[in-house]
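Engineer: At the far end of the sequence shown sits residue 266, using the working numbering, and the numbering has no gaps. Each residue gets a CB set at the ideal place from its N, CA and C atoms; glycine is no exception. Dropping a structure here in structure tokens format, bear with me for questions.
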Amino acid sequence: MAQKSSFLKKLIIAFCLLVALGIVGLVVLSMYLGPILKKGVNTIGPKITGTRVELASASVSPFAGGATLKGLFVGNPSGWKSDKAFYLGEIKVKLKSMSLLGDAIDVEEISIKEPHFVFEKGLTSSNINDLLKQIDANMGGGKTAQPKPNEPASDKTSAQKIIVRKFQLSDAQVTLGLGAMASTIPMPAITMTDIGVAEGGVTADQLATVILKRVLADVTAAGVKGAASALQGAGQGAGGAAGAVKDAAKGAGDAVKGLFKSNQDK
């Protein structure tokens, strides 16, 4: 009987040690996942936008099934006065932890609050339109980039797939112009749902592309509408501005058409 009791004690102690080691392992893993995520954003970002992209920090919590990204700076294309196209102070991600072990990471929600965008208008284009064009060119119009002939076979199929159930951007501000003439206007909230669900998941660069194109198209619409309102207030070019607003709104609706069959609601 004593031997059986001793065996049970040892078994319980061993189990507790394994649990403790598992917890320590998760804590250590979370410490490494943040820097890995930050490096991934800072590496993939410039390839998508063709501009400077810098993420200040990232933290991952396997216990809570979440991640927080802070200080995402995206630069303007060359030729524009401001160095910044937009800045996202904080991005919160909530996901199903167990999906990290599956074929596709299942993200329940991505939430961005109080982002700031800069809208510069030129004679024939804007900084945001130029950024959209660069994204489109770099990502092949939303199509998956073809692997290079000399790329190892293992790398061609190793891209992790992602599903996003809900993306929400709220309380956004758009600054029109620069310097003393600059003005800031609010931008309507954006909600996108079920990104990548129909495809069984999309890659990180595809996900970033579809979200960026939708958001930037709406920034363009808000920017042109704000500029039109300013012109109307000054009694200048109201007719042409109204036409520009109509074109921008159409562009916002068409910007992500055909990229992925996700349900998107404003």
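#1: Tell me which residues share the same chain as residue 81 and place their Cβ nearer than 7 Å to its Cβ, disregarding the 5 neighbours each side in the sequence.
#2: With DSSP collapsed to three states, give me the class of residue 170.
#3: Which two residues bound the contiguous beta strand (DSSP E) that contains residue 100?
#4: Do you know how far the Cα of residue 176 is from the Cα of residue 220?
#5: Does the structure place the stretch 184 to 192 close enough to the stretch 120 to 138 that three or more beta carbon pairs sit under 8 Å?
#6: Beta-carbon separation of residue 56 and residue 70 under 8 Å?
#7: For the beta strand (DSSP E) that residue 194 lies in, which residues bound it at each end?
#8: Taking the Cβ atom as the reference point for each residue, do residue 113 and residue 171 lie within a distance shorter than 8 Å?
#9: Whole angstroms are fine: how far does the CA of residue 42 sit from the CA of residue 203?
#10: Going by the beta-carbon positions, is the gap between residue 58 and residue 88 smaller than 8 Å?
#11: What does the alpha-carbon distance come out to for the pair residue 127 and residue 76?
#12: In angstroms with no decimal places, state the Cα-to-Cα distance between residue 223 and residue 185.
#13: For residue 164 and residue 124, I'd like the C-alpha separation in whole angstroms.
#14: Can you tell me which residues form a DSSP beta bridge with residue 187?
#15: By DSSP's criteria, residue 68 is part of a beta bridge. Which residues make up the other side?
#16: Closest to residue 168 by CA distance: which of 45, 47 and 215 is it?
#17: When you compare each of 66, 160 and 225 to residue 101 by their alpha carbons, which one comes out closest?
#18: Taking the C-alpha atoms as reference points, what is the distance between residue 211 and residue 79?
#19: Taking the beta strand (DSSP E) that residue 118 falls in, what are its first and last residues?
#20: Tell me which residue opens and which closes the alpha helix (DSSP H) that residue 129 is part of.
#21: Taking residue 91 as the reference, which of 104, 74, 209 and 67 has the closest Cα?
#22: May I have the straight-line CA-CA distance separating residue 197 from residue 108, to the nearest angstrom?
#23: Across which residues does DSSP place residue 44 in a beta bridge pair?
#24: Alpha carbon to alpha carbon, how far is residue 213 from residue 99?
Structural biologist: To lay it out plainly:
#1: Start at 1 with the first residue of the sequence shown, and residue 81 comes out as number 81. Contacts found: 120 and 178.
#2: The residue labelled residue 170 in the question sits at position 170 within the sequence shown. In this structure, residue 170 counts as strand in the three-state DSSP scheme.
#3: The count along the sequence shown starts at 1 and reaches residue 100 at position 100. No beta strand (DSSP E) contains residue 100, which DSSP labels as neither H nor E.
#4: Taking the sequence shown and counting its residues from 1, the one referred to as residue 220 is at position 220. Taking the sequence shown and counting its residues from 1, the one referred to as residue 176 is at position 176. Whole-angstrom Cα-Cα distance: 10 Å.
#5: no
#6: In the sequence shown, residue 56 corresponds to position 56, counting from 1. In the sequence shown, residue 70 corresponds to position 70, counting from 1. Cβ atoms of residue 56 and residue 70: closer than 8 Å.
#7: As a working note, residue 194 is residue 194 in the sequence shown. Looking at the DSSP string, the run of the beta strand (DSSP E) that includes residue 194 is 190 to 195.
#8: Looking up residue 113 in the sequence shown gives position 113. Looking up residue 171 in the sequence shown gives position 171. Residue 171 sits close to residue 113, with the two beta carbons spaced by under 8 Å.
#9: Here residue 203 corresponds to residue number 203 of the sequence shown, with the count starting at 1. Here residue 42 corresponds to residue number 42 of the sequence shown, with the count starting at 1. Straight-line Cα distance between these residues: approximately 16 Å.
#10: Along the sequence shown, read from residue 1 onward, the residue named residue 58 stands at position 58. Along the sequence shown, read from residue 1 onward, the residue named residue 88 stands at position 88. Contact: no.
#11: Counting from one through the sequence shown, the residue named residue 127 turns up at place 127. Counting from one through the sequence shown, the residue named residue 76 turns up at place 76. Between residue 127 and residue 76, the C-alpha separation is close to 7 Å.
#12: Position 223 of the sequence shown, counting from 1, holds the residue named residue 223. Position 185 of the sequence shown, counting from 1, holds the residue named residue 185. Those two C-alpha atoms are separated by around 8 Å.
#13: Start at 1 with the first residue of the sequence shown, and residue 164 comes out as number 164. Start at 1 with the first residue of the sequence shown, and residue 124 comes out as number 124. Distance between the alpha carbons of residue 164 and residue 124: 35 Å.
#14: Residue 187 sits at position 187 when you count from the first residue of the sequence shown. The bridge partners DSSP lists for residue 187 are 172.
#15: Within the sequence shown, numbered from 1, the residue matching residue 68 stands at position 68. Its beta-bridge partners are 59 and 92.
#16: Position 168 of the sequence shown, counting from 1, holds the residue named residue 168. Nearest C-alpha to residue 168: 215.
#17: Taking the first residue of the sequence shown as position 1, residue 101 is located at position 101. Considering only alpha carbons, the answer is 160.
#18: The residue labelled residue 211 in the question sits at position 211 within the sequence shown. The residue labelled residue 79 in the question sits at position 79 within the sequence shown. Rounded to whole angstroms, residue 211 to residue 79 spans 24 Å at the Cα level.
#19: Counted from its first residue, the sequence shown places residue 118 at position 118. Taken as a continuous stretch (DSSP letters only), the beta strand (DSSP E) holding residue 118 covers 116 to 119.
#20: Residue 129 sits at position 129 when you count from the first residue of the sequence shown. Segment 127 to 138, the alpha helix (DSSP H) holding residue 129.
#21: Position 91 of the sequence shown, counted from the first residue, corresponds to residue 91. Residue 67 is the option with its Cα nearest to residue 91.
#22: The count along the sequence shown starts at 1 and reaches residue 197 at position 197. The count along the sequence shown starts at 1 and reaches residue 108 at position 108. Taking the straight line from one Cα to the other gives about 12 Å.
#23: Walking along the sequence shown from the start, residue 44 turns up at place 44. None, per the DSSP bridge assignment.
#24: Translated into positions along the sequence shown, residue 213 becomes position 213. Translated into positions along the sequence shown, residue 99 becomes position 99. Cα to Cα, the separation comes out at about 27 Å.
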